[in-house]
Every structure is written in structure tokens, then in C-alpha cells.
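To start, the structure itself, in C-alpha cells.
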């Protein structure tokens with residue numbers, strides 16, 4: 004946390020903090036089909052069907068790369084491995100939740116009231132990105148019925164849940180040309196499309212809004228401030244498991 008605070012001008016150093024947390028939390032979840040099923044986290048997860056390894060074939064491969072805003076920073080997934088009579092292993096993936104990490108570059112301490120207010124103000128700026136990620140997840144995984152999403156701004160988190168809407172389509176990601184006139188028209192068309200899209204946008208269920216990820220202890224002279232995961236954050240992380248994977252055993256973290 005000290006490193007993330009001292010380098011708060013870039014959100015990338017928060018990835019180290021949350022990568023450590025999510026990795027540890029995955030180790031506390033035991034699926035009933037273990038060891039053929041495991042829980043793991045994946046950074047920069049892509050929901051589309053990508054090109055298969057050399058020498059293998061895949062159906063319905065997506066020809067275009069996903070838009071960066073549709074790629075969450077981390078996801079927790081349950082991977083189940085099945086071996087066929089031909090000794091070929093197939094892998095099914097079920098989403099637990101997705102995490103999007105954003106920085107909180109302020110001069111005030113992260114555990115202060117002003118920091119929490121700044122984190123709250125940032126939610127409206129980033130919530131659309133989570134919606135795009137949820138839509139991409141639904142569009143390319145027809146069996147997924149719910150998406151839990153965490154928006155983490157510095158040391159504060161919000162948890163929202165999208166139910167699968169009817170007729171899921173991927174969020175538009177138009178490719179604009181370099182022509183000024185064409186680009187201007189395309190931008191206008193894009194804005195109009197986004198307005199129409201926003202009118203019909205599905206609203207998520209909010210489980211937590213701008214709650215603390217950590218409990219900060221009082222600073223003792225000559226020592227670094229001690230922190231631990233807050234009960235709110237730990238409870239939030241259990242919700243997608245209770246709703247979708249209640250047969251998993253969970254050990255205290």
C-alpha cells in the first residue's frame with residue numbers, strides 16, 4: 004500500500020496490490036469438482052473467442068480484437084477441465100466477477116473523508132466502462148446470466164450487478180477514418196448512437212457504493228500504517244459465490 008500511495012500518479016501500481024489480494028482470495032475457494040475445476044484470476048481477460056493455438060481449430064472465432072474498454076483489469080473465474088475419448092481437453096469458463104481498477108491521485112490521505120468524496124465523484128466517470136464489459140461478457144457467453152462487477156477507485160470500491168438483458172448485443176466500437184469530414188460525421192453518428200443506447204441501457208443492481216476496501220489502523224510512531232481487508236469488501240466478494248456457486252467451499256482469508 005505504501006508503494007501504491009507514493010506512486011498514486013499512476014493507477015498501474017495499484018495493480019500489484021489488487022493482484023496480490025485477488026490471487027490470495029482465489030486460493031480460499033474450493034469448487035466441488037476440484038481438481039478438475041479450479042478458481043483462478045486472469046488479468047486483462049478477453050471475453051471474445053480468439054484464434055486457436057497452431058494446429059487446432061475453433062468455431063465462431065471473432066475476427067476483430069476487442070475494444071480496450073471491454074477488457075477488465077482482472078476477473079475471477081471457475082475453470083472446469085473435461086477430457087474426451089480422444090484425449091482432447093476442453094475448458095469451460097464461468098465468471099465469478101470482474102474488477103476494474105482506477106487510480107485516486109489526490110494530495111489528501113486515502114483514509115480521509117475528502118479522499119472518499121473524490122472516489123465517489125469518479126464513479127460516474129467510469130461506470131459506463133463496466134457496463135461495456137458486462138455487455139461484452141453477455142454477448143460472447145450465452146450461458147452467463149449475471150455479471151458481478153467491482154469498480155475500485157484507489158482504496159474504495161463499488162459493486163454492481165447486471166442481469167442478462169434480452170437480445171444482448173456488444174457495445175458499439177466504431178472505427179473512424181482519418182478524413183476530417185468523415186471523422187466528424189462518424190463522431191456525430193457515434194454520439195447519437197450512444198444517446199439512443201443510453202436511453203435503453205439496463206440499470207445494474209447496486210450492492211455497495213463507494214465502500215472502503217481496507218480498514219486502516221492508527222499510525223504508530225516509527226512504523227508503517229497497518230491495513231486489513233474490510234468486512235464490507237470481504238462480504239461483497241462472497242455475494243457472487245452465494246448467488247451462482249453456493250456449492251463452493253470458502254475458507255477464511
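Numbering (the working numbering), first residue to last: 4 to 256. Ideal placement from N, C-alpha and C gives every residue a C-beta, glycine not left out.
Own chain residues within Cβ distance below 7 Å of residue i, not counting five before or after
i           : result
residue 240 : 28
residue 104 : 14, 17, 18, 21, 76 and 155
residue 5   : 227
residue 257 : The shown model of the chain, from 4 to 256, leaves out residue 257, and the question about it has no answer.
residue 205 : 165 and 168
residue 217 : 158, 230, 231, 232 and 233
residue 195 : none
residue 177 : Low confidence applies to residue 177: its pLDDT is 48, below 50, so where it sits in the model is not reliable, and the reading given next is rough at best. Closer than 7 Å at the Cβ level, and outside the excluded window around residue 177, lie 189 and 193.
residue 238 : none
residue 219 : 114, 228 and 230
Sequence-distant residues of its chain with Cβ nearer than 6 Å to residue i (five each side left out)
i           : result
residue 50  : 139, 140 and 143
residue 246 : none
residue 165 : 137, 150 and 207
residue 86  : 92
residue 244 : 251
residue 7   : 16, 17 and 20
Selected residue, minimal CA-CA separation from residue i, among the options
i           : options              : result
residue 277 : 218, 207, 123 and 36 : Outside the shown range of the chain (4 to 256) lies residue 277, about which nothing can therefore be said.
residue 215 : 116, 187 and 128     : 116
residue 10  : 34, 113, 123 and 132 : 113
residue 24  : 78, 126 and 119      : 78
residue 169 : 148, 127 and 189     : 148
residue 48  : 69, 32, 122 and 95   : 69
residue 121 : 248, 224 and 213     : 213
residue 145 : 95, 59, 192 and 131  : 95
residue 236 : 73, 71 and 163       : 163
residue 74  : 33, 131, 26 and 118  : 131
residue 253 : 8, 33, 12 and 222    : 33
Cβ pair residue i, residue j closer than 8 Å
i           : j          : result
residue 136 : residue 98 : no
Any C-beta of chain B under 8 Å from that of residue i
i           : result
residue 117 : Here there is only one protein chain, and chain B is not present.
Supposed contact pair residue j and residue i - C-beta distance, whole angstroms, cut 8 Å
i           : j           : result
residue 232 : residue 210 : Incorrect: roughly 16 Å between the Cβ atoms, too far for contact.
residue 152 : residue 133 : 5 Å
Same chain, Cβ closer than 8 Å to residue i, five either side skipped, listed in chain order
i           : result
residue 126 : 154, 156, 161, 212 and 213
residue 255 : 31
residue 222 : 228
### Query
Is the stretch 79-98 in contact with the stretch 37-49, if contact means three or more CB pairs nearer than 8 Å?
yes
### Message
Counting beta carbon pairs with one atom in the stretch 107-116 and one in the stretch 153-169, are three or more of them shorter than 8 Å?
### Response
yes
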